[in-house]
Structures are given as structure tokens and as C-alpha cells.
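Beneath this line is the structure, given in C-alpha cells, with notes to follow.
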Amino acid sequence: VIAATVPGGRRRWQLRRGDVFVRLDDAGGITAVDVRLPLGAAEVVCGFGERFDALDVRGRVATLYDLDAWEGLIYGLQNHIYKPIQLFHSSAGYSAFINSTCRLRVDGGRRWPDRLRLTQHGAILDWFVWLDAPLAALDDYTALTGRPVRPPRWAFEPWFGGGWERWKKGPCQDPASEIRAVAQRFRQLDIPHSAVYAEGVAMDDPRTCAWLNPQGIRVLAWMNSDIPLDQQRRLLGGVADGELPVLRRAGGEASTYVDFTHPRAADLCDAFWRHRLDIGVAGSMVDFGDRVPEDAVCHDGRRGDLMHNLYALDYHRHFHAAFARRRGADFVLFSRSAAPGSQQWLCQFSGDHQPNFVGMHAALRGMLNLCASGFPTVGGDIGGYFGWPDPEVYIRWVQLGCFSGLMRCHGTAPREPWEYGDETVSIYRFHAWLRENLLDTIAAAAARASTTGEPLMAPLGVAFPDDPAVAPCDDAFLFAGCLLVAPMLAPGVRRAVRFPAGGAWFDLWDGRRFDGGTAAEVDAPLAKVPVFVRAGAVLPVRLAPSLAWGESLSGGRETAVVVAVPSPSAGGSAATVPCGAGTVALTPVAEGFEFTLDGVPDTRYLILYGVSPEALEEVRVQGRALDRLTASQWPARPVGWVA
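In this note's numbering, the protein residues as written are 1332 to 1974.
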């Protein structure tokens, strides 16, 4: 028996002799390894990459084999996987990474309710097991496979965009002009964006960058792993066919995929991207990479059965390097496929989903499972991919996008808010500016993710492993380490929220307190999504002069710090977060709390959650008592104190 226990003798993980089986071929060679682990009655198992059908694999079967899941998702099949990652977390108290990229079949108690069965193709049994909390396991996992990329700050601002069909069929009848017109309309409506996803001919049109870059809007392109032999000949003129980096099948037949293990792959990538980088393209969707035939033979000798799930690693590394050679760190890439280690090179998107609440919930589950699998920065297609969502679905998806790793619109039909009514424009504008309000907090979380693997969207069971009640939750998550987000995934204006144990939570909009470890029905009016600030959290923010959430910053912005005050009895060490070039720390003390800004000279406001003005006897800054303000003295801003 191989077993791992924790203080007190409780066994978290074990592997007995009778739990491991091998499958043999006619010659006696091992073709697969079958491992069967105990599965408790209430145990929750999440991860395994981007799974859309559920957060918990219990009662389900999943095949971790990279597929073009587009068709399955569009037609309602949610058990296809774009991004198979063999890392998972169990609420029994362990995490595990299966170090093989061959096909893996996961049976979460479907055949035997008390067994988690993992059938790995190939003759490999190589596991890493952690008994730490899931976030600590993600730290170790990303140290092992590669620390996540840290996108530039502008990548976390809102993007607008669409597929080639949307830009081609617009009223301008010219994709570049269509994109320019949309950007102008957003500017007239005072709605901020930092980038446009310009899939189609507009991404190669020099006018697109020439028009938009001076406005601070970056142009993002589309590309996949498919560069056919004829195109490779043109890009690498003079290179003999036998020296072209094209992936070949066992019989020597050339496929259309690039062989990124070939020494000429870097030259091909540079040649392919030269024009777009010359005109100013600042990033790209990195599509496909999930169709490597199993009889393929790579230049380095590895075969398709091993490389099918691993191909994305070299693919993403080469595309990242091509951009880095020209733009340094000022670009963002986001992918459809993934392999362990891909997090070093790019962000991810959650696939093409139905434009309804079913598709929205599937996208959220995919993002949460992928974030639990070492990929901290994930965004979806606001509004889904094909067709038109109804206004309520679109609005609720905008709200989810506001609290996702990347806030990005995409689809075959227009996703601009004016297509869905005047009320939608107002709500979209609020959330675009709310994203700008939170940009410092999001950037701080991204910096933390790049060194620890902590996801921007953490499943509650991953963030709060000591609270078994939240482990199965697939309709809420912890954003940026400090905000509990409970998106609306069905029609209505109320929903139930389970608050993780361990401290209080405060409604972001009105400051109402909820105790951890409890559940409540909360209001969810169409204009706002339920969001709660974690007690002890420190959020650097930029607000309008009114200090209100979601108001335009075009007329000026104030630098502030939001603090959700912990109970003095909570104790503990200071919570410290990056804030610009400095840090912000909050330390509970017996008589209240101490708040310290280090290297943040431009912060003018401190906004407190968890205390009422009437309850504070005194506020001091560097030992000097401040004067109390009333609503009548300062009607445009909250009641407080002033130096």
C-alpha cells in the first residue's frame, strides 16, 4: 500500500496493489495502465482540463483527448474537451497530476460508485500527488510545468469583436470600415475598450491598425496550426519540400499541420506573422491544434498517440516566441487547445457555445475546471458564438465577462450592446467602466497568478477546501482572490448564494453583511450581478470623482483602496497586495485595524466595507484625527472623514 496521511491519522490518498492493473497486447507489451482510487460518498473531484458538462466528475465519464469540441457544443454535447489536462483536485484532501499525454479515460464512480477509475493509454505510470490545499498544489504544479504568462495590463480591459461573418456582413460591406464604425460608436457612447478581435480580412488590412491604434485600441488577429505545404513553400522560398516543417503521417503523406518540433518551425512562424506584426497587430486567437492524427510522426520521432494531446505545447511556444521577438511583452495570445505547460505562453478562451443560458453555464463550468487545472487567465465569448442571444442572456453574459479573466465579445452576429436595446447599452457601459474600476485589482491578481498559478476565477472548492458545503458549487466562484461572484445562469432577478465559511462577506453594491458558512436568497436585478467582498480583502481601484462603481472615468479618476474590514477577533497576519509600484496592507489589531500604504503616494481615498460611519469613534492618519463629514456637507460622495 502506498498511502498518504495527515496529522491525526486520516488517510487522504492511497494506492494499493489491487488498485493498479495493466492491459497487455498479444506480445505481452503494456498498452494501458488502469488505476482505481477510493471515492467517498460525498467526495467532489474537479479539474481534468476544460470540461463543460460538470464541475464534479462524479457519476460521469470523461475522455481526456483533445477534440474540436465546436460541433458538439453547438449541438448541446458538453462532454467534448478542447483542453485535456491531467490534473485534478479531490475534496478528500489531495491533488494529483498524471504525467502522460496519452489518451486518458476518467470514470468518476459511474461503473463503481466507490471508485475513481483512471485508465491511461500507454506504458506510463507517473503521478505527482499533493496533500496541500489546492492553491498550494497549483503553485507546485505550475513550478513543475511552467509559470503562467502575465499578459500586459491593457489585455484585462474590455475588448469588442466578432468572427469574420460578423465583420463581412455589416452595413459598411467592408470589414475594416465596419470595425472602425463600431469603434467610433463606442467612443461616442463613452464605452471603453482596449482591443478589438478582428477575425477575417480586416486583421490583414493595414487600415485597421492605422485607424484604431492611435485611439489606444489594439487589433487582435486569428490564426491556427494549419499552414499547408503550398503556403509553406511561399513563406520559406528556396527550401526543399523535404525540409519544410510540415507534419507527416506514418506513410510519409504530408498533413496540413505544422510540425513544431522541426528546426525550421521558428522561421516559418516569423515569416507567417511578419506582415501582421509590421502593420501593428498586438495579439491573436491561436486556434485549432487539436487534430493531430495518431499515426503522425514528428520530426523529433514522437508519434501521434503521444503528441495528439501534447502538440499544443510546441505550437503555442513558437507562436509566443514569434510575437515576443517583435513586441517584447506587449501582446496577448489566447488559445483553443492546450497541453500541460501551455500556460507559459498564452491565455485561454472557453470555446464556442450556444447563445443561451445553457451555453453560458457550460462556458462557466469549462472556465472553472480549466482554472483549476493550472490555467489562471480564461475568458469566454460574451453572448455565445452562433446566432443571437436574447437581451437577458446577453446582459447576464456581459456581467460574467466583467468578472472573467478576459472580457471579450465574439460571435457570428453582432455583439455590440445597441443591437439589444437602449437599456442594454446602459448596462454594458456600467460593466465596461466597472472593469476599468477593478483594473488595478485584476492586474494584481494576474501578477500573483504568474508566480503562483492562483486562478483569477477559482472554483469555491479550490479556494475554500475546508468548507465541504461549497465544493460542488458550479454556479459561483472567487474572482481575483477577493470577490465572490454569483452570476445569473437562468432567467430571474433572485438567486441562492452559499457563502464560504471562514469570515464575513459584504455586498459590493450596498455593503450588506453575510456570514460565512450560511446561505441566502439575494436580489439580482437585471442591471447588476450579485458580487460580495471577502472580509479582509484589499482592492486597489480607480473610481470616478463621485466614488461610485461603474461611472465613466472620462471626466477624471480618483485612486482609492477598498477594504473589507475583518473582525478584530479574526486575528492573523497582514493581508498585502501589490498596488501600482507599492503595496497595501491591512493588519487586524485588538482595538480595530491598521492600514498601511507603502509606495502608493497617489491614493486619495479609503473606502471601507464592514463598518458603519456611526460605529467608528475616530479615524487617524499618521496619528492625526480626521474631521467627520456628513451627507449634507458632501452630497455627491459617501459619508466619511477628510484630512
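We treat Cβ as the ideally placed atom computed from N, Cα and C, and that holds for glycine. Bear in mind the structure is a predicted one, so any value in this text is a computation, not a measurement.
With C-beta atoms as the reference, is residue i less than 7 Å away from residue j?
{"i": "R2012", "j": "A1802", "result": "Residue 2012 falls outside the range modelled here, since the chain spans only 1332 to 1974, and no answer is possible."}
{"i": "V1437", "j": "L1449", "result": "yes"}
{"i": "F1808", "j": "L1699", "result": "yes"}
{"i": "T1432", "j": "L1637", "result": "yes"}
{"i": "P1856", "j": "V1824", "result": "yes"}
{"i": "Y1940", "j": "G1842", "result": "yes"}
{"i": "P1818", "j": "F1795", "result": "no"}
{"i": "R1634", "j": "L1462", "result": "no"}
{"i": "V1623", "j": "Y1642", "result": "yes"}
{"i": "F1428", "j": "Y1472", "result": "yes"}
{"i": "S1668", "j": "Y1413", "result": "yes"}
{"i": "P1686", "j": "G1732", "result": "no"}
{"i": "S1883", "j": "W1764", "result": "yes"}
{"i": "S1422", "j": "G1792", "result": "yes"}
{"i": "T1476", "j": "P1671", "result": "yes"}
{"i": "D1683", "j": "L1404", "result": "yes"}
{"i": "R1760", "j": "I1558", "result": "no"}
{"i": "A1777", "j": "R1481", "result": "yes"}
{"i": "F1863", "j": "L1815", "result": "yes"}
{"i": "R1382", "j": "A1393", "result": "yes"}
{"i": "L1608", "j": "R1657", "result": "yes"}
Applying the criterion that 16 or more other CB atoms from any shown protein chain within 10 Å of the CB defines a buried residue, is residue i buried or exposed?
{"i": "R1565", "result": "exposed"}
{"i": "A1486", "result": "buried"}
{"i": "Q1519", "result": "exposed"}
{"i": "F1680", "result": "buried"}
{"i": "R1348", "result": "exposed"}
{"i": "W1443", "result": "exposed"}
{"i": "F1837", "result": "buried"}
{"i": "D1933", "result": "exposed"}
{"i": "S1885", "result": "exposed"}
{"i": "S1666", "result": "buried"}
{"i": "G1742", "result": "buried"}
{"i": "H1606", "result": "exposed"}
{"i": "G1494", "result": "buried"}
{"i": "Q1563", "result": "buried"}
{"i": "P1786", "result": "buried"}
{"i": "A1827", "result": "exposed"}
Do you know whose CA, among the options, lies nearest residue i's CA?
{"i": "G1812", "options": "P1790, D1797 and G1881", "result": "P1790"}
{"i": "S1426", "options": "G1573, T1432, I1416 and C1433", "result": "I1416"}
{"i": "D1457", "options": "L1346, D1521 and R1442", "result": "L1346"}
{"i": "A1946", "options": "R1955, V1896 and P1932", "result": "V1896"}
{"i": "S1757", "options": "L1769, C1740, R1446 and V1729", "result": "V1729"}
{"i": "G1424", "options": "E1374, I1938 and G1440", "result": "E1374"}
{"i": "A1718", "options": "G1632, R1746, L1787 and V1864", "result": "The residue asked about is misnamed: residue 1718 is Gly in this sequence, not Ala. Considering only alpha carbons, the answer is R1746."}
{"i": "S1673", "options": "A1602, R1760, R1656 and P1479", "result": "P1479"}
{"i": "L1770", "options": "F1810, L1475, A1552 and A1670", "result": "F1810"}
{"i": "F1926", "options": "G1887, L1870, P1876 and S1883", "result": "L1870"}
{"i": "R1391", "options": "V1793, L1447 and I1405", "result": "L1447"}
{"i": "V1570", "options": "D1929, N1640, S1556 and P1594", "result": "P1594"}
{"i": "A1299", "options": "T1907, Q1675, H1524 and G1752", "result": "This structure cannot settle anything about residue 1299, because the visible part of the chain is limited to 1332 through 1974."}
{"i": "E1296", "options": "D1535, H1630, T1907 and S1556", "result": "Shown here, the chain extends from 1332 to 1974; a query on residue 1296 therefore has no answer."}
{"i": "D1929", "options": "N1640, G1913 and D1397", "result": "G1913"}
Can you list, in chain order, the residues of its chain with a C-beta nearer than 8 Å to that of residue i? Leave out the 5 residues immediately preceding and following it.
{"i": "P1689", "result": "Note on identity: in this sequence residue 1689 is Val, with Pro being the wrong assignment. So the list reads G1407, once near-sequence residues are dropped."}
{"i": "L1543", "result": "I1510, R1511, A1514, V1527, R1549 and V1550"}
{"i": "G1360", "result": "A1454"}
{"i": "A1596", "result": "P1576, V1589, D1590, D1645 and H1649"}
{"i": "A1956", "result": "E1949 and V1950"}
{"i": "G1954", "result": "none"}
{"i": "A1901", "result": "Residue placement at A1901 is poorly supported in this model, since its pLDDT is 48, which falls under 50; the coordinates still yield a value, given next. Only G1834, A1866, G1867 and P1919 meet the Cβ criterion."}
Might you give, ordered along the chain, the residues of its own chain that have their beta carbon closer than 6 Å to the beta carbon of residue i, omitting 5 neighbours on each side?
{"i": "L1435", "result": "L1395, Q1417 and Q1451"}
{"i": "V1351", "result": "V1366"}
{"i": "R1727", "result": "M1819"}
{"i": "R1959", "result": "W1972"}
{"i": "A1891", "result": "V1872, L1874, Y1936 and I1938"}
{"i": "F1662", "result": "A1613, G1614 and F1654"}
{"i": "P1483", "result": "D1661"}
{"i": "H1692", "result": "L1820"}
{"i": "C1740", "result": "F1491, G1492, I1713 and R1746"}
Counting only the same chain and skipping the five closest in sequence on each side, list residues whose C-beta sits under 7 Å from that of residue i.
{"i": "K1499", "result": "P1506 and G1531"}
{"i": "G1371", "result": "A1423"}
{"i": "R1497", "result": "G1742, T1743, A1744 and P1745"}
Could you tell me whether any Cβ in chain D is nearer than 7 Å to the Cβ of residue i?
{"i": "D1521", "result": "Absence of chain D from the displayed structure is noted, only one protein chain being present."}
- [ ] Say whether the segment 1575–1582 touches the segment 1478–1494, bearing in mind that this needs 3 or more beta-carbon pairs closer than 8 Å, one atom from each stretch.
- [x] no
Task: Validate contact between the segment 1659–1679 and the segment 1705–1718 using beta carbons, cut 8 Å, 3 pairs - done: yes
Open item on the list: Three Cβ pairs or more, each shorter than 8 Å: is that satisfied between the segment 1777–1786 and the segment 1532–1549?
Closed with: no
Open item on the list: Taking contact to mean 3 or more Cβ pairs, one atom from each stretch, closer than 8 Å, check whether the segment 1496–1507 and the segment 1464–1471 are in contact.
Closed with: no
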